[in-house]
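Participant: Residue -5 is where the sequence shown starts when you use the numbering used here, and the numbers rise one by one after that.
No residue lacks a Cβ here, since even glycine has one placed at the ideal position from N, Cα and C.
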Amino acid sequence: MNKFYIFIMRAILGAVFAVILTRFFYPQVNPVYVAGLGIFMVGMAYALESWRKNKQTDK
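1) From F11 to D52, what does the alpha carbon distance come to, in whole angstroms?
2) Please state if the CB of T16 and the CB of V23 are separated by a distance shorter than 7 Å.
3) Using the beta-carbon count (16 or more within 10 Å), is L42 buried or exposed?
4) If you measure between the beta carbons of R4 and A29, is that distance less than 7 Å?
5) Buried or exposed: which applies to G37, given that a residue is buried once 16 or more other Cβ atoms fall within 10 Å of its Cβ?
6) For the alpha helix (DSSP H) that contains N50, what are its first and last residues?
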């Protein structure tokens, strides 16, 4: 898969899970915080992928 398609999938999944999590735990939260959580989740996905790749090359 192309890296752009992977980014799109992660962005969509990050947005969906951010909405589900915030609506489940904090129903009255501001939509800006939902967007921030989505961005954080996508960023963490890339950070953990980078960490996993570096960990595999260290062996």
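Facilitator: Taking the structure as given:
1) As a position in the sequence shown, residue 11 is number 17, starting the count at 1. As a position in the sequence shown, residue 52 is number 58, starting the count at 1. Spanning the two alpha carbons is a distance of roughly 32 Å.
2) Taking the sequence shown and counting its residues from 1, the one referred to as residue 23 is at position 29. Taking the sequence shown and counting its residues from 1, the one referred to as residue 16 is at position 22. In this structure, T16 lies closer than 7 Å to V23 by Cβ.
3) For the purposes of this step, residue 42 is taken as the residue at position 48 of the sequence shown. Answer is exposed; the Cβ neighbour count stays below 16.
4) Locating residue 4 in the sequence shown gives position 10, where the first residue counts as 1. Locating residue 29 in the sequence shown gives position 35, where the first residue counts as 1. No, they are not a contact pair.
5) Position 43 of the sequence shown, counted from the start, is the residue given in the question as residue 37. Label assigned to G37: exposed.
6) Here residue 50 corresponds to residue number 56 of the sequence shown, with the count starting at 1. Note on identity: in this sequence residue 50 is Gln, with Asn being the wrong assignment. Q50 -> alpha helix (DSSP H) spans 25 to 52.
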